[in-house]
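For reference, the structure is listed below as structure tokens.
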Amino acid sequence: MVEVDVRGFVCPVPLMRTKKALESDPGKVVVLASDGTAKTNVTYLLQDEGYAVTVTEDGDDYRIEGTK
């Protein structure tokens, strides 16, 4: 599992860091984000890469889990 913490950043930083994490082709990815646009973009990226995605909200933060 790979965890990417991009809370406090706005796109394109969350997207770029998630792409970097995907280079190792992990079976599971967890992205912690605080920006709604980042949540949407990271979700689409993971789906495009073949991951099943679930998003949970914790206050102002999002936990985006991608599993292959």
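If you count the sequence shown from 1, you need to add 52 to reach the working numbering.
Beta carbons: idealized from backbone N, C-alpha and C, even for Gly.
Please read these numbers as outputs of a predicted model, since none were measured by experiment.
| Query | Result |
| --- | --- |
| Restricting to runs no shorter than 4 residues, where is the alpha helix (DSSP H) found entirely within the stretch 53 to 104? | 65 to 74, 88 to 100 |
| Can you tell me whether Asp113 is helix, strand or coil according to DSSP? | strand |
| Near Lys120, what residues of its chain come up, given a Cβ to Cβ distance below 7 Å and the 5 sequence neighbours on each side ignored? | Gly79, Gly102, Tyr103 |
| Note down the Cα distance separating Met68 from Gly118, rounded to an integer number of angstroms. | 16 Å |
| Classify Tyr96: buried if its beta carbon has 16 or more other beta carbons within 10 angstroms, exposed otherwise. | exposed |
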